[in-house]
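Just below is one structure, and these are the notes that go with it.
In the working numbering, the protein residues as written are -1 to 265.
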């Protein structure tokens, strides 16, 4: 049986992505939040019609605390034993932004926090959850419900949230030192992780990085006014585009960073 992971899912893109998966697939979803798991589950399920709430499990994870990631992985393993289940979709999307405009604004604690959330957190998620991805010997169709097979990619997918500003070649404005560096590191980590998956999983799994555009979430709130008309996306639209892009990419797209239009962002 296939299952999916969204970390975190208490707000923004992760919240609406979890709702989208519940509405558009039939596989179980493991969502995470730092606190109030019951409240987050209730919010995610609110007003969803014809969705079995038992498909949703909300676990406590703080990506800056490895022990919470480890415990969540242990719980996921008990719910979905690898002998009969595989992780089909994993969305690793934690993010935080300190918008330094000059070197004088760099703060050691903020830099460390940025990397802890944006880069180290996703790395630790791969450490504890990548073993649930399907090995190359597995016939994926044997663990995919026929009722949902058409809505899923034919392979497992691990998505790390990146950003266009993580591209060194695309850096034409400067600024945002720690955020840019942390997302460039995410792109590098994604490529490295995908090499591992290519060896372990073959064509059964791939990793990609993804840029959703500027989305109307708390992360980007203070920059909404400077976004060109039509380029500030609602979380719902961002999720729809993400879903279409990842479903449309074959394993030949592995290890690279893609944007909401389905176009590659070069390193």
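We treat Cβ as the ideally placed atom computed from N, Cα and C, and that holds for glycine.
These figures come from a predicted structure and were not determined experimentally.
Please classify residue i as buried or exposed, where buried requires at least 16 other C-beta atoms within 10 Å of its C-beta.
i, result
"residue 14", "buried"
"residue 245", "exposed"
"residue 170", "exposed"
"residue 174", "buried"
"residue 222", "Caution is warranted here: a pLDDT of 49 is assigned to residue 222, below 50, making its placement in the model unreliable, and no coordinate value can be reported."
"residue 135", "exposed"
"residue 31", "buried"
According to DSSP, simplified to helix, strand and coil, what is residue i?
i, result
"residue 61", "coil"
"residue 48", "coil"
"residue 161", "coil"
"residue 21", "helix"
"residue 123", "helix"
"residue 183", "helix"
"residue 222", "The pLDDT assigned to residue 222 is 49, lower than 50, so where the model puts this residue is not dependable, and the model offers no usable value."
"residue 96", "coil"
Taking 8 Å as the CB-CB limit, is residue i close to chain C?
i, result
"residue 0", "No chain C appears in this structure, which consists of one protein chain only."
Just to check my reading of the structure: residue i and residue j have Cβ atoms closer than 8 Å, yes? What is that Cβ distance to the nearest angstrom?
i, j, result
"residue 7", "residue 29", "4 Å"
"residue 43", "residue 51", "5 Å"
"residue 59", "residue 116", "The Cβ separation is near 15 Å, so there is no contact."
"residue 162", "residue 257", "7 Å"
Comparing C-alpha positions only, which one of the options sits nearest to residue i?
i, options, result
"residue 120", "258, 265, 182", "182"
"residue 150", "126, 22, 73, 84", "22"
"residue 94", "215, 241, 157, 84", "215"
"residue 249", "164, 204, 66, 241", "204"
"residue 54", "67, 69, 37, 63", "37"
"residue 140", "202, 46, 69", "202"
"residue 176", "24, 2, 114", "114"
Answer yes if the stretch 230 to 247 comes into contact with the stretch 203 to 212, meaning at least three C-beta pairs across the two stretches below 8 Å, and no otherwise.
-> yes
Can we say the stretch 70 to 81 touches the stretch 103 to 113, given the rule of at least three CB pairs closer than 8 Å?
-> no
Stretch pair the stretch 188 to 202 + the stretch 241 to 255: three plus CB contacts closer than 8 Å = yes
Touch test, the stretch 82 to 90 against the stretch 116 to 135, Cβ-Cβ under 8 Å, three pairs minimum | yes
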